[in-house]
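Asker:
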Amino acid sequence: MGINAIVLNYKAVVWGCGGAVGWTTVLLSSGSGVQVPLGVPCDGLASRPGCVPSPPPALRPVLPGRLRFPVTPYGTSVRHVCSLPHNAVNPCCYYPCENWGVCMRFGIDGYQCDCTRTGYYGENCSIPELSTRFYLLFRPTPDMVHYILTHFQWLWNIINRTFIQDWLMYKVLTVRSNLIPSPPTFNSKYDYVSWEAYSNVTYFTRILPPVPKDCPLPLGTKGKAQLPDPQVVVDKFLLRRKFRPDPQGTNLMFAFFAQHFTHQFFKTHNRMGLGFTKALGHGVDAGHIYGDNLQRQLQLRLHKDGKLKYQVINGEVYPPSVKDTPVNMSYPANIPAEQQLAIGQEVFGLLPGLGLYATLWLREHNRICDVLKAEHPTWDDEQLFQTARLIVIGETIRIVIEEYVQHLSGYLLNLKFDPTMLFNTNFQYRNRIAVEFNQLYHWHPLMPDSFLIDGDEIPYSQFTFNTTILTHYGVEKIVESLTLQIAGQIGGGHNFHPVVAKVAVGVIKESRKLRLQPFNQYRKRFNLKPYTSFFELTGDKETAAELEELYGDIDGMEFYPALMLEKTRPGAIFGESMVEMGAPFSLKGLLGNPICSPEYWKPSTFGGKTAFDIVNSATLKKLVCLNTKWCPHVAFSVPPLRNNLPDQRKSSTEL
7 MGINAIVLNY KAVVWGCGGA VGWTTVLLSS GSGVQVPLGV PCDGLASRPG
57 CVPSPPPALR PVLPGRLRFP VTPYGTSVRH VCSLPHNAVN PCCYYPCENW
107 GVCMRFGIDG YQCDCTRTGY YGENCSIPEL STRFYLLFRP TPDMVHYILT
157 HFQWLWNIIN RTFIQDWLMY KVLTVRSNLI PSPPTFNSKY DYVSWEAYSN
207 VTYFTRILPP VPKDCPLPLG TKGKAQLPDP QVVVDKFLLR RKFRPDPQGT
257 NLMFAFFAQH FTHQFFKTHN RMGLGFTKAL GHGVDAGHIY GDNLQRQLQL
307 RLHKDGKLKY QVINGEVYPP SVKDTPVNMS YPANIPAEQQ LAIGQEVFGL
357 LPGLGLYATL WLREHNRICD VLKAEHPTWD DEQLFQTARL IVIGETIRIV
407 IEEYVQHLSG YLLNLKFDPT MLFNTNFQYR NRIAVEFNQL YHWHPLMPDS
457 FLIDGDEIPY SQFTFNTTIL THYGVEKIVE SLTLQIAGQI GGGHNFHPVV
507 AKVAVGVIKE SRKLRLQPFN QYRKRFNLKP YTSFFELTGD KETAAELEEL
557 YGDIDGMEFY PALMLEKTRP GAIFGESMVE MGAPFSLKGL LGNPICSPEY
607 WKPSTFGGKT AFDIVNSATL KKLVCLNTKW CPHVAFSVPP LRNNLPDQRK
657 SSTEL
């Protein structure tokens, strides 16, 4: 192996430079010299990755060597030059750039951090500007903010009736949304800003670029040389020992809403390649109701009065059968076509809970078409359909923000869907779904050990791909049963039912192919302090010791397993990271929808005041009770006192 000489100014001594096994000679201007073991990268200021600011014990004085030749100057802060062997580690593998700085590699061993508009400067974007110093001085921690928002009920009762509620909601929206880059920057093919990464919507975007391909370890320079078997990770840390109910009281009505809602924009297209998506709308486009392409949409439409096709069973409206509407659905071959439901999302035949929401939204769409036709008798089928779709999108966003996100957050601040709050801000009405958002949203611990429908316990073997459950019990009884059954806690580990555990294995495998950066890098990207140990992550000594054995270093911990194993907040469904990372993706995607823009958000877009009022007053209860014969108890959480459950069996017209 060739040896490089390093020539240094004596008053700015740099103790060590290199990246391979062997020795290099440091020749000081005074005439003395030392030998440095290669593999100790250093620049004297302890600012490069892995730097040592003082001589390591292995260094020993030697006479000046004969190796003297020019090398490329590195850095500008001190007078020194440093050259690494040609097989040196890519410096960006050390993630040297802090505070959203962008690492650019120069030559073999050089790098530069672009600190533009980060609020920081310095070689590694680590020195705060004056305005940033003031901001950091007064910025509360995420845990402090969460505590305030989830305590002091008396105070929030007052705030929720004043203008302060609107101001706080505005701050929640802007602070969260500003964490998501818009336009998108990277994708799984391009780890640098490019036109292709911006314009090619067949890719998921990425918040952080992939781990560089030439890094010495799977996650950069920390951790083990070989990551543990995904099956071992799932079996050891994620598999359910005993069902652990969610302390927030989340129910199965929420669990199936989450799955139904997110599968309009989480549609991985692995047949195309790594990081591709079939959901080209990248947001709330109701593609799970109407199909993700025009051909499927046209097959599902009735082509009369703007409505969708349907069938009537026992006097109730349900999605049509595949026999009558031959769209592609993912059913096992042994399920007859007449028992398969034709739905916008091809995988929604898997569980009756998904068929339930498909039925509710089909009925709601057709109900809206009747309202529109009564007010606009001159409108043709196309205009009725397109306008009804916009109304359904608006209803969805309102329910998600004001009930779904409200429940998840646990906030006592009443969340409010009011697009006008952002009209005077620099907000881009465009969204791109990120691969990290797709990864973190695998919330399968919500699923119970079995399903309790109208007093009957149904195991997975009889529940999956069984559309007769929906038609046998009916929408009302299933809604009430799912509302009363508690879901599992997502965070904390050990809560995946064996039936869905294979999903977690697949997520981990996919994250490795996508070369997701370590969990702590995402913590820093979302302005959270990186964890310093596995115990700090999990709060459990036994789990921490086992993770230490498998991963070696907390900075070499994988993204998804860390999210699932992070200690939960007191009485909460999951930990800090899931909230602080998931909320920005969610709110940016919801408010970035075109219908929330000043050009769209007006009564005429939705067919006039009557239809606009439908959007502005949408609730989960109305979605159910305006489309059923009697109004069951419906919510996203189990009732606190089931014995005091009010009689909900009243006509939907009484709403």
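Be aware that the sequence shown starts at 7, since it is given in our numbering, and climbs by one per residue. Note that CB positions come from ideal geometry on N, CA and C, so glycine has one too.
Look up residue 143 in the DSSP assignment and say whether it is helix, strand or coil.
Answerer: Helix, per DSSP.
Asker: Buried or exposed: residue 141, going by 16 or more other Cβ atoms within 10 Å of its Cβ?
Answerer: exposed
Asker: Look up residue 257 in the DSSP assignment and say whether it is helix, strand or coil.
Answerer: Three-state result, residue 257: strand.
Asker: If you draw a straight line from the alpha carbon of residue 280 to that of residue 234, how long is it in whole angstroms?
Answerer: 21 Å
Asker: I'd like the span of the alpha helix (DSSP H) that includes residue 362, first residue to last.
Answerer: 358 to 381
Asker: Do the segment 245 to 263 and the segment 497 to 506 make contact, defined as three or more Cβ pairs closer than 8 Å?
Answerer: yes
Asker: Between residue 420 and the rest of its own chain, which residues show a CB-CB distance below 7 Å, the 5 nearest in sequence each way excluded?
Answerer: 166 and 171
Asker: Tell me the residue span of the alpha helix (DSSP H) that contains residue 687.
Answerer: Outside the displayed range of the chain (7 to 661) lies residue 687, so it cannot be described from this structure.
Asker: What is the C-beta distance between residue 598 and residue 434, in whole angstroms, given that I count them as a contact (C-beta under 8 Å)?
Answerer: 7 Å
Asker: Distance check for residue 326 and residue 293, CA to CA, integer angstroms please.
Answerer: 17 Å
Asker: In three-state terms, what does DSSP make of residue 429?
Answerer: In the structure shown, residue 429 sits in coil (DSSP, three-state: anything other than H, G, I, E or B).
Asker: Suppose the cutoff is 8 Å on Cβ atoms and the five residues either side in sequence are ignored; what does the same chain contact list for residue 642 look like?
Answerer: 256, 257, 259, 260, 263, 409, 410, 413 and 626
Asker: How would you write the range of the beta strand (DSSP E) that residue 120 sits in, first residue to last?
Answerer: 116 to 120
Asker: Beta strand (DSSP E) containing residue 458: first to last residue?
Answerer: 457 to 459
Asker: Over the uninterrupted alpha helix (DSSP H) stretch that includes residue 235, give me the two end residues.
Answerer: Looking at the DSSP string, residue 235 is not in any alpha helix (DSSP H), and its letter there is neither H nor E.
Asker: Using 8 Å as the cut-off, can you tell me whether the segment 510 to 529 makes contact with the segment 224 to 242, which would need three or more C-beta pairs spanning the two stretches below that distance?
Answerer: yes
Asker: Could you give the residue range of the alpha helix (DSSP H) that holds residue 150?
Answerer: 148 to 155
Asker: Would you report the Cα separation of residue 559 and residue 333, rounded to the nearest angstrom?
Answerer: Here the alpha carbon of residue 559 sits roughly 49 Å from the alpha carbon of residue 333.
Asker: Under the rule that 16 or more other beta-carbon atoms within 10 Å means buried, what is residue 201, buried or exposed?
Answerer: exposed
Asker: What's the gap between the Cα of residue 273 and the Cα of residue 381?
Answerer: 37 Å
Asker: Leaving aside the five residues before and after residue 496 along the sequence, list all residues of the same chain whose C-beta is less than 6 Å from its C-beta, in chain order.
Answerer: 449, 451, 579 and 580
Asker: Give a yes or no on whether the C-beta atoms belonging to residue 374 and residue 291 are separated by under 9 Å.
Answerer: Not closer than 9 Å, so no.
Asker: Check whether the segment 346 to 358 touches the segment 469 to 479, counting contact only when three or more Cβ pairs, one atom from each stretch, lie closer than 8 Å.
Answerer: yes
Asker: Out of 543, 307, 113 and 404, which has the shortest C-alpha to C-alpha gap to residue 388?
Answerer: Of 543, 307, 113 and 404, the residue nearest in Cα terms is 307.
Asker: From which residue to which residue does the beta strand (DSSP E) around residue 324 run?
Answerer: 322 to 324
Asker: Enumerate in chain order the residues of its own chain whose CB-to-CB distance from residue 133 is below 8 Å, with the five nearest sequence positions on each side excluded.
Answerer: 126 and 127
Asker: Determine the burial state of residue 298: buried for a count of at least 16 other Cβ atoms within 10 Å of its Cβ, exposed for fewer.
Answerer: Here residue 298 is buried. Its C-beta has 16 or more other C-beta atoms within 10 Å.
Asker: For residue 440, which residues does DSSP report across the bridge?
Answerer: Answer is 211.
Asker: What is the DSSP secondary structure of residue 644, reduced to helix, strand or coil?
Answerer: The three-state reading of DSSP puts residue 644 in coil, since its state is none of H, G, I, E or B.
Asker: Grab me the residues of residue 174's own chain with a C-beta within less than 8 Å of its C-beta, minus the 5 sequence neighbours each way, in chain order.
Answerer: Cβ neighbours of residue 174 beyond the five flanking positions: 165 and 419.
Asker: Can you tell me whether residue 612 is helix, strand or coil according to DSSP?
Answerer: In the structure shown, residue 612 sits in a helix (DSSP, three-state: H, G or I).
Asker: Closest to residue 315 by CA distance: which of 321, 463 and 330 is it?
Answerer: 330
Asker: Give the range of the beta strand (DSSP E) segment to which residue 463 is assigned.
Answerer: 462 to 464
Asker: Going straight from the alpha carbon of residue 77 to that of residue 440, what length do you get?
Answerer: Per-residue confidence for residue 77 stands at a pLDDT of 33, beneath the threshold of 50, marking its modelled position as unreliable; no derived number is given.
Asker: Does DSSP put residue 297 in a helix, a strand or coil?
Answerer: coil
Asker: From the DSSP output, in three-state form, read off residue 538 for me.
Answerer: If DSSP states are grouped into helix, strand and coil, residue 538 belongs with coil.
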